[in-house]
Amino acid sequence: MDLEQPLPREVKLIDSASLFRLEERAGDLGLSQWLDPAWVRANAAPDGTHYLWPAVWHSLSHRPDVPRHVRWELLITLRTGERVLSLLDVIPDDFTPLPKVTSREEGMQVRRVFDRAPSVREWLLREGEGPGRL
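The numbering used here puts the first residue of the sequence shown at 32, with every later residue one more than the last.
Take a look at the structure:
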């Protein structure tokens with residue numbers, strides 16, 4: 032893969048089933064950024080819409096068997112209707128087929144929500160659960 036390859040210039044829109052699958056896949060591959068799938072299943076809105084915003088290409092130099100992948104900012108819609116921010120590493124074969132936000136205006140609205148959302152860690156601390164839950 033070309034080391035100078037630009038980040039995808041698209042915001043991905045995913046449903047909860049896709050979110051669960053991507054979190055499990057990242058864990059199975061031993062990628063650096065993912066959440067405990069049990070926590071995601073317990074807290075993500077089952078019919079929610081979640082978003083991925085590309086952050087940086089990432090590779091595991093000590094694990095050449097793992098393909099270069101994109102570290103995405105992840106906006107999760109919770110069962111409560113709140114939204115929280117996390118990171119999720121996704122390999123190209125998994126992110127390429129995901130649907131994308133279709134208009135620039137919608138993408139900018141999503142970015143504003145990203146910018147205001149607390150991190151999962153901040154949300155856990157506020158809820159009194161502590162970051163050890165992940």
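Note that beta-carbon positions come from the ideal geometry of N, C-alpha and C, so glycine has one too.
- Taking V115 as the centre and dropping the five residues before and after it, the same chain places the C-beta of I107, L109, A148, P149, S150, V151, W154 closer than 7 angstroms to its C-beta, in chain order.
- The residue among G138, V132, V97 with its C-alpha nearest the C-alpha of D124 is V97.
- Linking S90 to H100 through their CA atoms gives a straight-line distance of about 6 angstroms.
- Taking each of P77, G79, R94, A86 in turn and checking the Cα distance to P39, the smallest one comes out for A86.
- Its chain contains L44, I45, D46, T108 as the residues whose beta carbon lies nearer than 8 angstroms to that of T80, once the 5 sequence neighbours on both sides are disregarded; these appear in chain order.
- Per DSSP, the beta-bridge partners of I45 are H81.
- For D67, the three-state secondary structure derived from DSSP is coil.
- Assigned with DSSP and collapsed to three states, L109 falls in strand.
- If you look at R114, you'll find it in the beta strand (DSSP E) that goes 114 to 121.
- V144 is bridged by DSSP to nothing; it lacks a bridge partner.
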